[in-house]
Structure formats: C-alpha cells, structure tokens
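In our numbering, the protein residues as written are 433 to 488. We put the CB at the ideal spot given by N, CA and C, even for glycine. Below you'll find the structure, written out as structure tokens, and then a few comments.
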Amino acid sequence: MSANNTIAICAAGKLCASYIFAMDELPEYAAFFHPSRYENTEIIKAMNELDSDGQL
Numbered sequence: 433m434s435a436n437n438t439i440a441i442c443a444a445g446k447l448c449a450s451y452i453f454a455m456d457e458l459p460e461y462a463a464f465f466h467p468s469r470y471e472n473t474e475i476i477k478a479m480n481e482l483d484s485d486g487q488l
C-alpha cells in the first residue's frame, strides 16, 4: 500500500464517521466521493479538466 492510499483511507474514514454521526457539515471535498458525482455537471467538468490518468 502506498502513502497516497494511506492518506485516501484516512480521508474516507473521516467522511464515513461524519456521515454516520450526522455531522451538520461535511468537508468541501465530500461531494467528490459521493456516487452521485457522475451526475454532477460541475464535478464532471472538474474531472475532465484534470491532466491525470486517475492514479494518486
């Protein structure tokens, strides 16, 4: 497991805990992990503008 995966796991864990415990506000980046991200035109546009092959 790479260091990038370790960082991503921590971010995902924080998001899950915030959601489970009904925190009032999720971090700004939470929408990029939600399954509906593929229906959000703003997120799709941001993903298309990235110069990346999807790897961290």
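Through-space distance from residue j to residue i, alpha-carbon basis
i           : j           : result
residue 457 : residue 449 : 12 Å
Member of the options whose CA lies at the smallest distance from the CA of residue i
i           : options            : result
residue 459 : 468, 484, 447      : 447
residue 451 : 438, 440, 439, 465 : 465
Distance between beta carbons of residue j and residue i, contact taken as under 8 Å
i           : j           : result
residue 475 : residue 463 : 6 Å
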